[in-house]
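Under our numbering, the sequence shown has 781 at position 21, and the numbering climbs by one with no breaks.
To keep things clear, I will list the structure first and then write my remarks on it.
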Amino acid sequence: MVFWTKRYGEDSFLKWKIVMQEQLTISEGEKMVLKASKLYDMDIYTDGGKFLGRVHEILIDLERGEVVRLTMEPLSSVSKDEAKRILRDKSILYKNVKSVEDVVVVGKGLSGLPSE
């Protein structure tokens, strides 16, 4: 499944794709390499210990080959408006991920965290 979304502040469009479990290896510099399948169903917490949800989908920027977002609700079989709501309210920007071990830890108070 491929999603189209407008890049912030630009007129060009990017493709966003829900990646299949075995197709992606995530690398954060030289410190960490893991398969995307490890992220599915992992709990997501803020660095302050607040539970946010579980990883349902992994979205990548196909032009850059980078993970961009983790969603906390499934995007398959939802309307365009519902997908927009999920991306706005129920997803985490991957750049805000601080650690992936037994859980995903995201920085508290960073943009891209869902509102309460």
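Cβ atoms here follow ideal geometry from the backbone N, Cα and C, with glycine treated the same way.
Counting only residues of its own chain and dropping the five nearest sequence neighbours on each side, Lys-850 has a CB closer than 8 Å to the CB of Gly-813, Thr-831, Met-832, Glu-833, Pro-874. In this structure, the beta-carbon distance from Leu-819 to Val-864 does not fall below 8 Å. The beta carbons of Asp-807 and Val-860 sit about 13 Å from each other, so the pair does not count as a contact at 8 Å. For Glu-842, the enclosing alpha helix (DSSP H) has its first and last residue at 840-849. Residue environment: Val-838 is assigned as exposed (fewer than 16 neighbouring CB atoms within 10 Å of its CB, all protein chains considered). For Asp-821 and Phe-811, the gap between their C-alpha atoms comes out near 26 Å.
In the DSSP annotation of this structure, the continuous segment of the beta strand (DSSP E) that includes Gly-813 starts and ends at 811-814.
Spatial neighbours of Met-802 in its own chain (CB-CB distance under 7 Å, excluding positions within 5 residues in sequence) are listed in chain order as Arg-814, Val-815, Val-863, Val-864. Cβ-Cβ distances below 7 Å link Tyr-854 to Val-827, Val-828, Arg-829, Leu-830 in the same chain, with the five nearest sequence neighbours on each side left out; the list follows chain order.
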